[in-house]
């Protein structure tokens, strides 16, 4: 699978470690790919037993690192969302605007970035099903 490169390779590794987790259904930009390392699972202990990550501009680089590092997770994508879907409870969807930064499973990038009308189409499809 071919995933998008980071929008600004010069900023890779400069984003806050803490981010939202998943959700949103749509993304606008990939900021970086992260590989989290866990000393308790065999990763080198670089931070007194704390988990840590390495950041990469491409999925390929992150995957190669992950595959070669003991105690490493599969890569995650750090994405920026300017519009997204909030699902505060199963089946209840809200169109949100603003800026949201979240870690995503890489396979969630498969449909590419949000395009004009995507969220409206998503919401209209849910309204018809729920009617």
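Numbering (my numbering), first residue to last: 236 to 366. Note that the Cβ used here is the ideal one computed from N, Cα and C, for glycine as well. It should be emphasised that the depicted structure is a prediction, and the values quoted were computed from it without experimental measurement.
Pair within 8 Å by beta-carbon distance, residue i and residue j
i           : j           : result
residue 289 : residue 270 : yes
residue 291 : residue 309 : no
residue 262 : residue 349 : yes
residue 344 : residue 239 : yes
residue 321 : residue 334 : no
residue 265 : residue 299 : no
Simplified DSSP state of residue i, which is helix, strand or coil
i           : result
residue 242 : coil
residue 361 : helix
residue 247 : coil
residue 321 : strand
residue 309 : coil
According to DSSP, residues forming a beta bridge with residue i
i           : result
residue 368 : Because the chain is modelled from 236 through 366, residue 368 falls outside the range shown and cannot be assessed.
From the options, residue whose alpha carbon lies closest to that of residue i
i           : options          : result
residue 356 : 244, 255 and 260 : 260
Length-filtered (4 minimum) alpha helix (DSSP H) runs lying within the region 275-303: Qualifying alpha helix (DSSP H) stretches, in chain order: 294-302.
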